[in-house]
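One structure is given here, and the rest of the page talks about it.
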Amino acid sequence: MTRWSRAACLSGMLLLSTVSAGARVIISLDYSLDTGGLFDSAAARTAMERAAQVYSDRLVDNLTAITPGGANTWSARIINPGNGAVDYDPGLNGVAANVIKVYVGSRALSGLEVGNGGAGAAMVGGTQSFTDNAASRGQPGALATPKTDVGPWGGSIAFDIKTSWYFGLTPGGLTTSKIDFLTVATHELAHLLGFSASPPSSSWAALVSNGKFTGAKATAAHGGLAPDVSGSHWLGMSSTVGPSGPAQTALMDANLPTGVRRRITLLDWAAMGDIGWEVAIPGDANANGEVDFGDFQMFEQNFGQANARWSQGDFNEDGVVDTTDFTILMKNYGRRQDGTLAPPAAPVDVPEPTVWGVLALGVVIRLMRRGRVVRR
Ligand SMILES: [Zn+2]
């Protein structure tokens, strides 16, 4: 199919907007326990927020609220990121729907450790339905044996204050004497969101057998072979950033050299899917459950932008919105979160279809022109 007829399809599918989908998760960062002071820096907070967006842009589960009251009691427990105290009560009294609360702080970590993150726990009492909801947040698989899903309320992440960090969003200033903060923050958040052998009953741990991660999606992403794991990490696994992106060591490897930026890879995302998360499909910039015209508009408006994110059309998550992302969008156009394809649009219900056709063709032409400029 040529680009032109693709563009016509774009206009025809515009009105199929009744797609049911989960809501994006909201990662709420809290720096109030940062006694180490790393996050006094605006650059550190900006990089932390960008790491959180990697997940809040693509995870689309419906997490229920935890609302204590009366006989139903709930009190969070975390490792205090500022001083390492375990079973610390941060004073959190419930969480709103879809919110994942993350306490971020810094202290001197031991040895070569640069970051340490994980899900929190809670002291819970009350009715069975209240305690079940607190443990699962509406994800039935999080209550199953073995677990097939996760429903965290949040947790905590500590960063080392002795490390020489690079906080930039673009990798250009990352030198061999620095550790890339964005990489470590993205890695630790994945642990907090369930990529972890702790607790041993986690949905991640349930998929590990004889040093292999047996999740179907991760196995498919690894060419049909179950990837190797050690502890809560991949063991020497490489993958790609987006379907056609460069190969790199997967984000959830245990080790990160200085001077290296790693982005989240297809293998990492596949494992997040295996442990129970709904991950927005490639091209679904607005995470509404279908790759459609709204996604095309986000892509078009941000074409050429550096420091871009998924929700702006950076579908291979390499930090730039470019023609590679356009290819991903087109390949997946009309696909839905549940694997089905959107049916063809009914012409009788389309108001002024020619206007939309012209618009869609117009933006494609603009893209192609910009593309030519870039290639010169
Ligand atoms: Zn780790």
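Numbering (our numbering), first residue to last: 85 to 460.
Glycine residues also receive a C-beta, built at the ideal position from the N, C-alpha and C atoms.
With a cut-off of 8 Å on Cβ pairs, the stretch 402 to 418 is in contact with the stretch 366 to 374, counting three or more such pairs. Note: Gln-332 is bridge-paired with Ser-323 in the DSSP secondary-structure output.
Of the candidates Leu-253, Phe-214, Pro-284, Lys-185, Leu-253 places its Cα closest to the Cα of Arg-129. The beta-carbon separation of Trp-318 and Pro-327, rounded to 19 Å, does not stay under the 8 Å limit for a contact. Residues of the same chain with a CB within less than 7 Å of the CB of Ile-348, apart from the 5 flanking positions on each side, are Val-138, Thr-270, Leu-335, Glu-401 in chain order.
Nearest C-alpha to Ala-149 among Ala-219, Phe-279, Ala-426: Ala-219.
With fewer than 16 other Cβ atoms inside 10 Å of its own Cβ, Pro-230 counts as exposed. Distance from Ala-302 to Ala-226 at the Cβ level is roughly 19 Å; contact not present, criterion being Cβ atoms closer than 8 Å. Summarising the contact set, residues whose Cβ lies nearer than 7 Å to any heavy atom of ligand 1 are, in chain order, His-271, Glu-272, His-275, Ser-316, His-317, Met-336, Ala-338. Around the beta carbon of Leu-350, a 10 Å sphere encloses 16 or more other beta carbons of the protein chains shown; the residue is thus reported as buried. Between Leu-122 and the set Tyr-250, Asp-145, Ile-111, Ala-136, the nearest pair of CA atoms involves Tyr-250.
Put simply, of Thr-298, Ser-316, Gly-315 the residue whose alpha carbon is nearest the alpha carbon of Gly-308 is Thr-298.
Annotated three-state conformation of Lys-185 is strand, per DSSP.
A residue is called buried once 16 or more other Cβ atoms fall within 10 Å of its Cβ, and Val-170, having fewer, is exposed. Just so you know, the alpha carbons of Gln-212 and Lys-246 end up roughly 45 Å apart. If you draw a straight line from the Cα of Trp-158 to the Cα of Gly-210, it comes to about 9 Å.
Distance check between Ile-163 and each of Asp-145, Leu-193, Ser-323 places Leu-193 closest, using alpha-carbon atoms only. Excluding sequence positions up to five before and after Ala-300, its CB lies within less than 8 Å of the CB of Asp-358, all in the same chain and listed in chain order.
Beta-bridge pairing by DSSP links Asp-244 to Arg-191.
Pairwise C-beta distances place the stretch 255 to 275 out of contact with the stretch 377 to 389, as fewer than three of them are shorter than 8 Å. According to the DSSP assignment, Thr-157 belongs to the beta strand (DSSP E) that extends over 157 to 161. Taken through DSSP and simplified to helix, strand or coil, Tyr-250 comes out as strand.
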